[in-house]
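Report on one structure; see the data block that follows.
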Amino acid sequence: MIQKIGQKFSDIFQRFMPDAFVFALILTLITSVIALLWVGATPVQVINSWYDGFWILLEFGMQMVLLVITGYSIALSPIVHRGIDLLASKIKKPQQVYFLIVILGALFSLISWGWVVITAVLGRELALRIKGIHYPFLIACVYFSGIIWVSGLSSSIPLLLNTQENFLIKAGVLDDTISTSATLGSSLNLVVLLVFLFIAPLLMRLLLPKTGNYPTLEGMMESETDQKSVTIHEEARLMKLPYKAFSDFLNNSRLLQYLIAIPGLIYLFLHFSSKGLDLNLNIMIFFFLMLGLLLHGTPMRYVIAMKRASGNISGILFQYPFYAGIMGIMIYTGLGEKLALWMASVATLDSIPFFAFLTGAVVNFAIPSAGGEFAVIGPSIITAVQEIGAALSPEEMEALLSRTAMSVAYGESLTNLMQPFFLLLVIPIMGAGIKIQARDIMGYLVIPFILFFTIFAALVSFWPM
C-alpha cells in the first residue's frame, strides 16, 4: 500500500514538476506578487530588491561548486575505489544499500551538512557495483538522509546564537549568547535525532517501489563510453610527449604535489588543535583539496580528476543567483519580517514553537539557507518570544528561546525535501553521464516529508521543556 502511494506521488511529480530552474522562476513570480499585494511594495521596489539580492549567494555558490568537485574528485582516486569495492563486496542485496545510505548519510550530515557530497559519492559508486538498484530512489535516499543536519555540529542557527557579538546581540535583540547545550544538547534535539535515525531507514525501505523495471544507473548511462572510460592513470600517461620533457616531469611529479599537500595538512592539524571540530565550509573545501592532492599523487592526475568532477555543475552556477534574487525580495521588501511579525501576533506562549516551525518551513521556499533565513525572520521571532514570555524566569526564557530557534531550524530543513535548492548539490555527482531531473526524485520524498513534518511539529509543540 505505502509503496503504491509513494509511486503515485512520483508519477505526479514527473508529470507536473518542472525543471529546478523553472521552479526558481515560478517561485520568483509568486514571491514578487505576495510582496506587491501583502507588503504593499511597488513594482520598482520589487525589481530593485530582486536585483540587489541576485549577488547575495555568489560566495556561497562558489563554495558549493568547490564542495562538489573537490569531494567528487576524491571519489575518483584509486584508494577510494578500492575501499568502496571492499564495502560493495559485503553487501548482497540492493535493499541493504538504501538502508546503509540513509544511516551513513545521516551520520555524515551530523558532522557537517556539506558531507551530503560524500554520501552522494558513496551512493553512486555502490550503484555502479551492485546490480538492481533503483537509481532515482537511491538519489532520494541520499538527499533525504541529509535533512537531520540541523541536529548536528554544523547547524547554523544554534552556532549563530552561541557566537559572541552576533548580529542579534549587536542589534539589542539578545543580551547574551545562547549555549549550544541549550539548543543542540537539549532533550528535544536528542529525541528528534533518535526518532530520525530509527524511523528514516525503515521508512525508505518500505517506500521502495515494488516494480521489477527499476531504472538502474547502468541502464541510464547515455553510451558505452560512459561506462567504460579510460582510467585517470591511463589518460595521464596518454598526455605525455613521446620523448622525455621537463614539462612532463613537472606534470607527473609526486614531490611537487606533496610539497603543497603536506603543509596544507599541517595547517589543518593546527586549525583543529586550536579550534576544535570547527567544520565551516571553507575549511571543508580546503581539506577536500589537500586530501585530493595526496590521493591522486601527481598534478596531472589531479587536474584530470577535477575536470571529470566538474562536468555537471552548471545547475549551481546559473540557478543559485535566481534563488538569491528571491532572497533579495524577501529581505529588501520587508516580506520576510512581515511574515515573522504576523506569526508573533497570533502565537501564544504554548504555540509559539509550532508557529516558528511553520514560519521556518514556509520561508525556506524563498530563502533556502538556514543562516540567511534566520537573519531575516530571527529578530522578529525572538522579540515575539520575549514579549509573550515576559513573566518567565531567565532559565525558562532561555529554554523557550532555544526551543523556538530550533523549531525554525527543523521547519527550514524539512521543506528542503519539497524544493530542489540543495538537490543541486547531489545531482552533479549522482547524475553525471545520465539524464535525470529533480522531478524524477522529488516524488519519493513526499511521504517522508509529510510523516516527519507531523512528527517534528508534535515534538516542538508537546515535548516537555
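Throughout, the numbering used here is defined as the position within the sequence shown, counted from one, plus 7. Quick reminder that beta carbons are idealized off the backbone N, C-alpha and C, glycines included. Every value quoted in this text rests on a predicted model; they were computed, and no experiment measured them.
Under the 10 Å beta carbon count, N196 is surrounded by 16 or more other beta carbons and is classified as buried.
Under a 10 Å Cβ-count criterion, A312 is classified as buried, with 16 or more other Cβ atoms of the shown protein chains found around its own Cβ. The region 290 to 306 makes contact with the region 266 to 282: 3 or more CB pairs, one atom from each, lie closer than 8 Å. Straight-line spacing of the CA atoms in E66 and I320 works out to 15 Å. Annotation: the continuous alpha helix (DSSP H) that includes K314 extends over P306 to A316. M228 is bridged by DSSP to I441. Under the three-pair Cβ rule at 8 Å, the region 250 to 265 does not count as touching the region 157 to 172. Short of 8 Å from the beta carbon of H240, and not among the five residues preceding or following it, lie these beta carbons of its own chain, in chain order: P85 and R308. Cβ contact annotation for L200 (same chain, cutoff 7 Å, sequence separation greater than five): I155 and S158, in chain order. Between M404 and L74, the alpha-carbon positions lie close to 38 Å from each other. One Cα belongs to P471, the other to A397, and the distance between them is close to 20 Å.
For S400, the number of other beta carbons within 10 angstroms of its own is below 16, and it is reported as exposed. Per DSSP, the unbroken alpha helix (DSSP H) holding I290 starts and ends at L288 to H303. The beta carbon of R212 is closer than 8 Å to those of Q102, Y105 and F106 in its chain, skipping five residues each way along the sequence.
Look at Q70 here: in three-state DSSP terms it is helix. Per the coordinates, the alpha-carbon of V353 lies some 42 Å from the alpha-carbon of I125. D182 and F325 have their C-alpha atoms roughly 40 Å apart.
Taking a cut-off of 8 Å for Cβ pairs, the region 12 to 31 and the region 426 to 434 touch, as three or more such pairs fall below it. Here F381 really is in contact with V415; their C-beta atoms are around 6 Å apart, less than 8 Å. Excluding the 5 residues flanking it on each side, I63 has same chain C-beta neighbours closer than 7 Å at A331, M334 and G335, in chain order. DSSP places S352 inside the alpha helix (DSSP H), whose first and last residues are L342 to V353.
Note on the region 346 to 413: whole alpha helix (DSSP H) runs with a minimum of 4 residues are 359 to 370 and 377 to 395, in chain order.
Going by DSSP, S468 is part of the alpha helix (DSSP H) stretching over V453 to F469. A straight line joining the alpha-carbon of P360 with that of A373 spans about 21 Å. A straight line joining the alpha-carbon of T35 with that of T305 spans about 45 Å. Around the beta carbon of F469, fewer than 16 other beta carbons sit within 10 angstroms, so the residue counts as exposed.
Just measuring C-alpha positions, the residue of I206, V180 and L168 sitting nearest S188 is L168.
With 16 or more other Cβ atoms inside 10 Å of its own Cβ, D447 counts as buried.
A residue is called buried when at least 16 other Cβ atoms come within 10 angstroms of its Cβ; F253 does not meet this threshold and is exposed. Around the CB of G192, fewer than 16 other CB atoms lie within 10 Å, so the residue is classed as exposed. Rounded to the nearest whole angstrom, the C-alpha separation of M297 and V198 is 37 Å.
Shown here, P50 sits in a helix according to DSSP, grouped into three states. Pairing I338 with G60 gives a Cβ-Cβ distance under 9 Å. Between the alpha carbons of L266 and G299 lies a distance of about 14 Å.
Ranking W57, V51, F23 and F20 by CA distance to the CA of T38 puts W57 first. For the options V128, M437, T390 and L224, the alpha carbon positioned closest to that of I140 is the one of L224.
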